[in-house]
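Counting from 136, one number per residue, gives the positions in the sequence shown under our numbering. Just so it is clear, CB atoms sit at the ideal spot from N, CA and C, and this is done for glycine as well. On a predicted model such as this, the values are computed, not experimentally measured, just so you know. Notes for the one structure printed next.
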Amino acid sequence: EVKRQLVELWKAEQQAAGARKRGEQIVERVREGKTLAEAAAEFNLKPETTPAVRRDGSGENGRAPGEVASQLFAGKVGDVGLVPSPDGFHVVRLTSVVPADPVAEQRLHLVGHPAVQQDLTGQLLDDRLLLVAGEAAVAL
Numbered sequence: 136e137v138k139r140q141l142v143e144l145w146k147a148e149q150q151a152a153g154a155r156k157r158g159e160q161i162v163e164r165v166r167e168g169k170t171l172a173e174a175a176a177e178f179n180l181k182p183e184t185t186p187a188v189r190r191d192g193s194g195e196n197g198r199a200p201g202e203v204a205s206q207l208f209a210g211k212v213g214d215v216g217l218v219p220s221p222d223g224f225h226v227v228r229l230t231s232v233v234p235a236d237p238v239a240e241q242r243l244h245l246v247g248h249p250a251v252q253q254d255l256t257g258q259l260l261d262d263r264l265l266l267v268a269g270e271a272a273v274a275l
């Protein structure tokens with residue numbers, strides 16, 4: 136039992152070391168002038184674009200690991216780096232900075248307010264009751 140656990144731990148450490156090494160090589164190639172796509176392709180990887188995120192990693196279209204968000208906010212446009220996180224290593228490159236929209240942020244905070252949530256829940260429940268009672272016309 137202990138031997139099996141040690142073997143699994145050793146494999147995980149080897150995989151993490153290999154991932155870190157590949158990440159470092161990709162960062163090095165990007166710093167030498169290759170695009171991120173070109174450098175990643177050498178390792179049969181394809182970069183993904185992360186939608187704009189806030190400092191905590193949250194965003195309109197999902198979430199980025201907090202470590203990634205921290206790296207992005209610490210850098211400037213064009214910076215590239217390797218970021219360890221609980222789910223592996225991320226090669227990140229900051230391509231642009233999008234200023235926050237205070238009006239949109241205020242709407243987001245208002246929707247999260249308990250009184251607004253209660254009102255929205257009540258409205259949804261009323262709408263649902265109308266549909267169940269057959270009092271609402273629905274066109275498809």
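- The beta carbon of residue 231 sits closer than 8 Å to the beta carbons of 212 from its chain, once the five residues preceding and following it are set aside; these are given in chain order.
- Closest in alpha carbon position to residue 223, among 138, 140, 141, 147, is 147.
- Our two residues, residue 187 and residue 140, have alpha carbons roughly 40 Å apart in a direct line.
- In this structure residue 203 is not in contact with residue 226, their Cβ atoms being roughly 10 Å apart against a cut-off of 8 Å.
- The DSSP assignment places no complete beta strand (DSSP E) segment of no fewer than 3 residues inside the stretch 177–210.
- Judged by beta-carbon spacing, residue 149 lies beyond the 9 Å limit of residue 178, meaning their Cβ atoms are not closer than that value.
- In the three-state reduction of the DSSP assignment, residue 141 falls in the helix class, which pools H, G and I.
- Taking C-beta atoms as the reference points, residue 165 and residue 174 count as a pair closer than 9 Å.
- Its Cα nearest to that of residue 181, the residue 158 stands out among 210, 233, 158, 214.
- If you draw a straight line from the Cα of residue 176 to the Cα of residue 229, it is about 19 Å long.
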